[in-house]
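Sequence lines, in order, name chains A and B. The numbering of the first sequence is our numbering, which starts it at 1 and goes up by one. The numbering of the second sequence is our numbering, which starts it at 1001 and goes up by one. These notes concern the structure reproduced below.
Protein chains: 2
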Amino acid sequence: MPRIPAAERRAALAQAALTVIARDGLAAATTRAIVAEAGMPLASFHYAVASRDELLRDVVELVVTAEGTAAAEFLQTATTPREAIAKSLTGYLDHVKSDPGNEQAMFELTQYALRTPQLSDLPAEQYRSYHALAADLLRAGASLLHIEWSIPVPDLARLLVTLTDGLTLAWLADRDDAAAARAIDHAADAVAAFARRLPAAQAVTA
Amino acid sequence: MPRIPAAERRAALAQAALTVIARDGLAAATTRAIVAEAGMPLASFHYAVASRDELLRDVVELVVTAEGTAAAEFLQTATTPREAIAKSLTGYLDHVKSDPGNEQAMFELTQYALRTPQLSDLPAEQYRSYHALAADLLRAGASLLHIEWSIPVPDLARLLVTLTDGLTLAWLADRDDAAAARAIDHAADAVAAFARRLPAAQAVTA
DNA sequence: ACACGTCTGGGACAGTTGACCCACTTCAGC
DNA sequence: GCTGAAGTGGGTCAACTGTCCCAGACGTGT
């Protein structure tokens, strides 16, 4: 084993833990499984991190911050709000389909954090981040398509996250691609109803 | 301990397991915790049930079947589709708020079942039941309010379940009552757009 | 009254877990 | 070059887990 500063090991362990959780589930993410995935001796674990729970905190933060990089590419090709929403939701679901374990890992981590007093503050922060990300997307889409949203953007953002969560959960359970596609179609209709064409050729204010 | 037939013990164990999971989480639902909750000696566990996983299967079925009794009372007081949807969603969220552990238990069980090969068929069945329940509600509402739905009822049912799941997940995470209420309000607007007044004074066909 | 299948429950087992001790090696600054 | 701090890793621990055994108690059909 090469000598690696503790902070780096900590990050590597968080990454390895996420890999294990996505592949085998949170229950299988024992300290031994994590260090095996990271290729470290067991003792490195508690040298780099105080406890397993503390590492899981790192894992959640790892995913939350890494998530902001994924989205936003589906807006470019859309010409109508309905199309933008449908493409974004479809793109998101495709992302879920391409690696279902990862998304399942997020749900498992959230549920576990809710049950663990030391981590009980994490889910709120996690969803604040989701909502902020959705709000950014909505604002970007509005400016791109020269529209405005008829309800407050934070409200619509929460509704969008609600839809993605529900969509994901149901698809993970029954893997019904066709039904999920139809749900997205109808959801896009519903959400697009909150789009309003801007009167003049002018960008939005906020 | 009184003498109780094995089948009854099995049911009592499933009920006790649900109580433990709702209170302390799935990870805390050990065989010992379950029999303690049920007031039985440990050995009764494997006398009544072959394995812990098999009991969890019972637990899921227990909740899925028991869930059908809960809904449908919110439709009675509504006079418009929008009101019916808003009241149903609000009623559902109130139910979640009154016992968050129970709903969390459902999510945990679903995630666990997805990870466990012997239980991997359960989530699909679980969601089939949810969707059927929502479809029944939609049909009842339509007949009551003399409307029809402009998209297939199964499609709208899935969208409704998507919304309740997403709503629940976000509320469990951030406990933001006001934001959840606003989300329900907007969701009701969106879903009500799929309602169409029936031309004549006639009931729906399906 | 008797015997047999049903049920009880104390005890035990092997395996796994999170945690951590401690003797060691390495490296950076003096 | 020396030294003290930083990092390594083998080994170990107590606790807890799901599962099982077996001797006994019960109650029912005969």
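Even glycine gets a Cβ: it sits at the ideal position worked out from N, Cα and C.
(message) Is it buried or exposed, Thr65 of chain A, if we count other Cβ atoms within 10 angstroms and call 16 or more buried?
(response) exposed
(message) For Leu42 of chain A, count the other beta carbons within 10 Å of its own beta carbon; 16 or more makes it buried, fewer makes it exposed. Which is it?
(response) exposed
(message) For Val191 of chain A and Ala1190 of chain B, I'd like the C-alpha separation in whole angstroms.
(response) 7 Å
(request) Evaluate Ser1088 of chain B with the Cβ neighbour count: other Cβ atoms within 10 Å of its Cβ, from every protein chain shown; 16 or more gives buried, anything less gives exposed. (result) buried
(request) Could you check how far apart the C-beta atoms of Ala1086 of chain B and Ala1188 of chain B are, in whole angstroms? I think they sit under 8 Å. (result) 4 Å
(request) Report, in whole angstroms, the separation of the C-beta atoms of Arg1196 of chain B and Glu1148 of chain B, which I expect to be a contact under 8 Å. (result) 5 Å
(request) For chain A, find out if any of its Cβ atoms is closer than 8 Å to the Cβ of Ala1181 of chain B; answer yes or no. (result) no
(message) Here's the rule I'm using: 16 or more other beta-carbon atoms within 10 Å means buried, otherwise exposed. How should His1046 of chain B be labelled?
(response) exposed
(request) Please report how far the alpha carbon of Leu1282 of chain B lies from the alpha carbon of Pro199 of chain A, in whole angstroms. (result) Coverage of chain B is limited to positions 1001 through 1206, which leaves residue 1282 of chain B absent and any answer about it impossible.
(request) Buried or exposed for Ser1044 of chain B, please, with buried defined as at least 16 other CB atoms from any protein chain shown within 10 angstroms of its CB. (result) buried
(message) Taking the straight line between their C-alpha atoms, what separation do you get for Leu109 of chain A and Gln15 of chain A?
(response) 14 Å
(request) Answer with yes or no whether the minimum CB distance from Asp1058 of chain B to chain A is below 8 Å. (result) In terms of beta-carbon proximity, Asp1058 of chain B stays away from the interface with chain A, with every pair separated by 8 Å or more.
(message) If I measure Cβ to Cβ from Gln1118 of chain B and keep anything under 7 Å in the same chain, skipping five residues before and after, which residues do I get?
(response) Asp1053.
(request) Answer with yes or no whether the minimum CB distance from Gly1166 of chain B to chain A is below 8 Å. (result) At least one beta carbon of chain A lies nearer than 8 Å to the beta carbon of Gly1166 of chain B.
(request) Taking the CB atoms as reference points, tell me whether Gln104 of chain A and Leu172 of chain A lie closer together than 8 Å. (result) yes
(request) Figure out for me which residue from A:Thr30, A:Ala84, A:Glu8 has the closest Cα to the Cα of His146 of chain A. (result) A:Ala84
(request) Indicate the three-state DSSP secondary structure (helix, strand or coil) for Arg1175 of chain B in the structure shown. (result) coil
(request) Specify, as a first and last residue, the run of the beta strand (DSSP E) that Ile1147 of chain B falls within. (result) Under the DSSP assignment, Ile1147 of chain B falls in the beta strand (DSSP E) whose first and last residues are 1147-1149.
(request) Starting from Ala195 of chain A, follow its DSSP beta bridges and name the residues at the other end. (result) A:Trp149
(request) List in chain order: all unbroken beta strand (DSSP E) runs of 3+ residues lying wholly within the segment 103-165 of chain A. (result) Here the runs fully enclosed are 147-149.
(message) Along the chain, where does the alpha helix (DSSP H) containing Arg1057 of chain B start, and where does it finish?
(response) Where Arg1057 of chain B is concerned, the enclosing alpha helix (DSSP H) stretches over 1052-1067.
(message) Can you confirm whether Asp99 of chain A, when its beta carbon is compared against all beta carbons of chain B, has any partner nearer than 8 Å?
(response) Cβ-Cβ to chain B under 8 Å: no for Asp99 of chain A.
(request) Using 10 angstroms around the beta-carbon of Asp1165 of chain B, count the other beta-carbons present and answer buried if the total reaches 16, otherwise exposed. (result) buried
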